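All residue numbers for the sequence shown refer to the working numbering, where the first residue is 83 and numbers rise by one. C-beta atoms are modelled at their ideal positions from N, C-alpha and C, and glycine is treated no differently. Bear in mind that the values here come from a model prediction, so they are computed numbers and not experimental data. Read the structure below first, then the notes.
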Amino acid sequence: MTQNIELWDDNANHIWGVLTDDNQVELTANDGDIIKGELHNNKFDLNTPSHHLWGFLSGDKIELWDDHLHHLSGELT
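In structure tokens form, the structure reads like this:
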């Protein structure tokens, strides 16, 4: 079953997307960038030409960081 992802950064920017049954992730940022990647062993690895995010899933809670160590947190809904 596909699950929704809701994330916010320290500046209250919203990023949203989905986690599919085959552990693929697709996020949409405020600026319209699409960030794709996967979840493997509760670890996220997401890439675009301008973004790299990595982090962890614990239960339904998500913690992500980018290459500049900006923090995003959220949950699966």
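Sorted by chain position, which residues of the same chain lie with C-beta nearer than 7 angstroms to E148's C-beta, five sequence neighbours on each side aside?
Note that residue 148 is Asp in the sequence shown, not Glu. Counting only residues of its own chain and dropping the five nearest sequence neighbours on each side, D148 has a CB closer than 7 angstroms to the CB of H133, H134, L135.
Just to confirm the assignment: which complete beta strand (DSSP E) runs, minimum length 3, are found wholly within the segment 111-149?
The qualifying runs are 116-122, 125-129, 134-140, 143-148.
Could you give the DSSP three-state label for D91: helix, strand or coil?
When DSSP states are grouped into helix, strand and coil, D91 belongs to the strand group.
Within 10 angstroms of the Cβ of A94, are there 16 or more other Cβ atoms? Answer buried if so, exposed if not.
A94 is exposed by the Cβ-count criterion.
In the DSSP assignment, the beta strand (DSSP E) including H152 goes from what residue to what residue?
No beta strand (DSSP E) holds H152; DSSP gives it neither H nor E.
Going by Cα to Cα distance, which pick from H96, H153, L121 is closest to D113?
Selection H96, H153, L121 evaluated against D113 yields H96 as nearest (Cα-Cα).
Given this structure, state the Cα-to-Cα distance separating L128 from L154, to the nearest angstrom.
Whole-angstrom Cα-Cα distance: 13 angstroms.
If you drop the 5 nearest sequence neighbours on each side, which residues of the same chain put their C-beta closer than 7 angstroms to that of H122?
Closer than 7 angstroms at the Cβ level, and outside the excluded window around H122, lie N105.
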